[in-house]
Each structure stands twice: as structure tokens, then as C-alpha cells.
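Report on the structure given below.
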Amino acid sequence: MCLAIPVRVVAVLPNQRAMIDLSGVRKEISTALLDSVEVGDYVILHVGYAIGKLDAEEALRTLALFGELAKFESTSAEALPS
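My numbering applies: residue 2 is where the sequence shown begins, and numbers increase by one.
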């Protein structure tokens, strides 16, 4: 299963590249599939490519849901018998 996740652009780089931040982790990605990106934009990241933009409210809501899912997964794993 593949996931696309919202990330925030922290720097626009040459050659259709950008530096993004996801919970303190920074990574260089390709923005070749988008017309333009600016610092502060939220983009949807899939396998190293920004595949779309979304507004900050939607991005933050989606990231919060991923956080809830991670909490659920960790508590579910703890409940499994050894």
C-alpha cells in the first residue's frame, strides 16, 4: 500500500526541487509535477514527488489524523499477546 502525505515546503531549490519538513524531518523532493511552489505551501508527497497542493487547514487536519492512527497502531500492538 502506498501513502501520500502532506508536508510543508521550507525552501524552494533550483531545478524544480524543494526542501520539505515533516515533524522535524527534512528531505529534498521534486516539484516537477507542479506549476509552482512557495515557502510555506503544503504539498502532497508521494515517492519523492510533490503531486499536489493543499491548504494549510486540510494539511494539518490530515496530519492530525495520521497522528491518531499512529497512536491507535501502537496501543493495538501492545494489546497483542506475546
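Just so you know, even glycine gets a beta-carbon here, dropped at the ideal spot from N, CA and C.
Residue from the options with nearest C-alpha to residue i
i     : options                    : result
Ala60 : Met20, Ser24, Ala19, Val13 : Ser24
Gly41 : Ile21, Cys3, Gly53, Lys72  : Ile21
Ser37 : Lys72, Leu55, Phe73, Ala65 : Leu55
Gly49 : Ala65, Glu69, Ser75, Ala19 : Ala19
Residue i: first and last residue of the uninterrupted beta strand (DSSP E) it sits in
i     : result
Val10 : 6 to 14
Leu31 : Residue identity differs from the one stated: residue 31 is Ser in this sequence, not Leu. That run of the beta strand (DSSP E) goes 26 to 31.
Gly53 : 50 to 55
Val44 : 43 to 47
Contact set for residue i: own chain, Cβ-Cβ below 7 Å, skip 5 residues either direction
i     : result
Glu63 : Reading off the sequence shown, one finds Thr at residue 63, where the question assumed Glu. For Thr63, where only same-chain residues beyond five positions count, the Cβ hits under 7 Å are Pro7.
Chain-order list of residues whose beta-carbon lies under 8 Å from that of residue i (same chain, five-residue window excluded)
i     : result
Gln17 : Ser31, Thr32, Ala33
Residue i - partner residues in DSSP beta bridges
i     : result
Leu70 : None; Leu70 has no bridge partner.
Leu34 : None, per the DSSP bridge assignment.
Ala19 : Val13, Ile30
Residues of its chain near residue i, where Cβ-Cβ distance is below 6 Å and the 5 sequence neighbours each way are ignored
i     : result
Ala57 : Tyr43
Ala5  : Ile45, His47
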